[in-house]
Amino acid sequence: MRKLRWLDYAIVFVIVFGIGVINIVPPANYVVILVKLAGSAILVSLVIGTVTNLIFRSRKRN
Numbered sequence: 004m005r006k007l008r009w010l011d012y013a014i015v016f017v018i019v020f021g022i023g024v025i026n027i028v029p030p031a032n033y034v035v036i037l038v039k040l041a042g043s044a045i046l047v048s049l050v051i052g053t054v055t056n057l058i059f060r061s062r063k064r065n
């Protein structure tokens with residue numbers, strides 16, 4: 004896992020964070036929700052980015 008495709012992580016983060024921002028209902032405090040949304044987007048991007056990296060890595064070996 005030395006050569007990770009960082010673009011995978013960035014793309015998934017932007018998509019998840021963007022969808023979350025679009026779907027926000029006007030609450031009292033935007034900062035708390037944006038921080039939680041960024042945290043969940045980071046976790047999702049780590050999982051999906053790692054999975055796609057492993058898939059592409061295994062395809063290159065075959």
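With my numbering, letter number 24 in the sequence shown gets 27, and the count goes up by one each step, no holes. Heads up, the beta-carbon is just placed ideally off N, CA and C, and yes, glycines get one too.
In the three-state reduction of the DSSP assignment, R8 falls in the coil class. Put simply, the backbone Cα of V19 is about 10 Å away from that of L46. DSSP places N56 in the helix class (H, G or I) of the three-state scheme. Sequence-distant partners of S48 (beyond 5 residues in either direction) whose C-beta falls short of 7 Å from its own C-beta, in its chain, are Y12, V15, F16, V19.
By the neighbour-count definition (other C-beta atoms within 10 Å, threshold 16), G52 is a buried residue.
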